[in-house]
Structure formats: C-alpha cells, structure tokens
Amino acid sequence: MFRKIAVAYNESAEAQRALASAIQLARSVNAELETITVMAELPSYTTFASAADPALPQVLKTDRIEFYDDLQERARVLARHNGLELQSHLVEGSAVDGIVKLLRAHKADLLVVGLHQRDLFIARLWSTVYELAQEAPCSVLGVH
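Using the working numbering, read the sequence shown as starting at 35 and increasing by one per residue.
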C-alpha cells in the first residue's frame, strides 16, 4: 500500500496534527516516514535593512534555519517515541514546487497535509493545498 509517507510540516497546529496522523499510519502499514519543511524566501524589506547592517540577511537566514532544525528535531523525537525513524528535509522557495520536487525525488507514495478548520483565511490557504493535490505525484491525505 504505502511504503513511503511524507508530511508537509511546519510550526502550525495543522501540521502537528498531520504529523501525528502520519506517524500512526506509518506504524500501521510499516512505512518509511519523512517530513518536508519549506523555508520561504526572506521578505524583500530585508534588502533595505541590509543597508544598515550588511550581515543582517545572513543572520536572519541562519536564525530561520536554526528554528526549523529545532522544529524538525522535535518531530524526530516524537517519531522515535512512537517507534519510528524520521527523515527531515528543509527546502527553500515555493511551497508547492519544493514539496513536489522532494516527493518525486524520494518516490513518496503519500503526502499528508494539515487542513485548517473553519479558518477565515481558508480560501487563500486552500489554494496551496489544492495546488499540491493537483501537482503531487502521489496520493494526498488531508487531516483535520
């Protein structure tokens, strides 16, 4: 059925629920598990701030990498606590493109994504989930 399960993972509560569900599913079908975290580009205003401090963009990028490394480590600890090993991937750029490229490269069978429940911004956020569902080279499971 599913041999490799990937989770679109970030700091949101929705992604945490998706990871918890993916861990349960991976255990039940004896699948490999991995997370994909997308680190968006720095906002354009950081180029203006770099006029005052040329090192600022690199400092901000380093801080974000440390933040996401810590986030991914917590996911690995949760997976280990449930008897699974977890591979984590951090990609930069567009969420959809980054996730789809990794899904193809790693030959994932299933992508698990967290869905927002009754959120005012659902229309805007849904477009990313919808685009992932259209572009993903594998099945997509949405978790509430």
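Beta carbons: idealized from backbone N, C-alpha and C, even for Gly.
For His-123, the enclosing beta strand (DSSP E) covers residues 120-126. Counting C-beta pairs closer than 8 Å gives three or more between the segment 72-80 and the segment 123-143, which meets the contact rule.
In the three-state reduction of the DSSP assignment, Ser-161 falls in the helix class. Residue pairing by DSSP places Val-177 opposite Gly-148 in a beta bridge. Where Lys-38 is concerned, there is no enclosing alpha helix (DSSP H), although the beta strand (DSSP E) around it starts and stops at 38-42. Taking a cut-off of 8 Å for Cβ pairs, the segment 133-145 and the segment 39-58 touch, as three or more such pairs fall below it. Per the coordinates, the alpha-carbon of Ser-55 lies some 10 Å from the alpha-carbon of Val-147. In the displayed model, Leu-67 falls within a strand according to three-state DSSP. The C-beta of Val-163 has 16 or more other C-beta atoms within 10 Å across all chains shown, which makes the residue buried. Judged by DSSP secondary structure, Ser-84 falls within the alpha helix (DSSP H) whose first and last residues are 79-86.
For Glu-75, there is no enclosing alpha helix (DSSP H), as DSSP marks it with neither H nor E.
Judged by their CB atoms, Leu-118 and Leu-53 are not nearer to each other than the 7 Å cut-off.
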